[in-house]
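The structure appears below as structure tokens.
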Amino acid sequence: MPTYILLSKLTPKGRETIKERPDRIKEVDMELENMGVKVVEQYATLGPYDFVNVVEAPDNETISKVSVELSSRGTVEIMTLPAVPVESFISSVSSLKKMLKKTAAKKKATKAKGKSRARKK
């Protein structure tokens, strides 16, 4: 399943909820599971975001629904980031580099053919 990073900021209402019921965090994790999203890792953080979650979801549509559902409650603001494993990223960049080389070679060959035809005339 695709991996996503959820960066979460609690609203004042969310901070109050967590203060009164810290276990609410785990309840939300179970809700995510019920919506088809697996929580892989979860961290409370210091800084601009209160929580960083690494999750897996079947597709963008599912993670979008989750993000809208959680944000609509007024307790949290979420930034959702699709994540690409580094090995996949390296492979993609490498294949792009090869593709660009082939394209450049074709352009060069086409340009050379054009010059050759111009000389024959």
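Its first residue numbered 421, the sequence shown is counted upward by one per residue in my numbering.
We put the CB at the ideal spot given by N, CA and C, even for glycine.
- Non-local C-beta neighbours of Ile438 in its own chain, meaning closer than 8 angstroms and more than five positions away in sequence, comprise Leu430, Arg444 and Ile445, ordered along the chain.
- DSSP links Phe471 through a beta bridge to Ser428 and Ala464.
- Nearest Cα to Ile425 within the set Gly494, Ala503, Asp479 and Glu436: Ala503.
- Thr500 carries a strand assignment under DSSP once its states are collapsed to helix, strand and coil.
- One Cα belongs to Phe471, the other to Ser428, and the distance between them is close to 5 angstroms.
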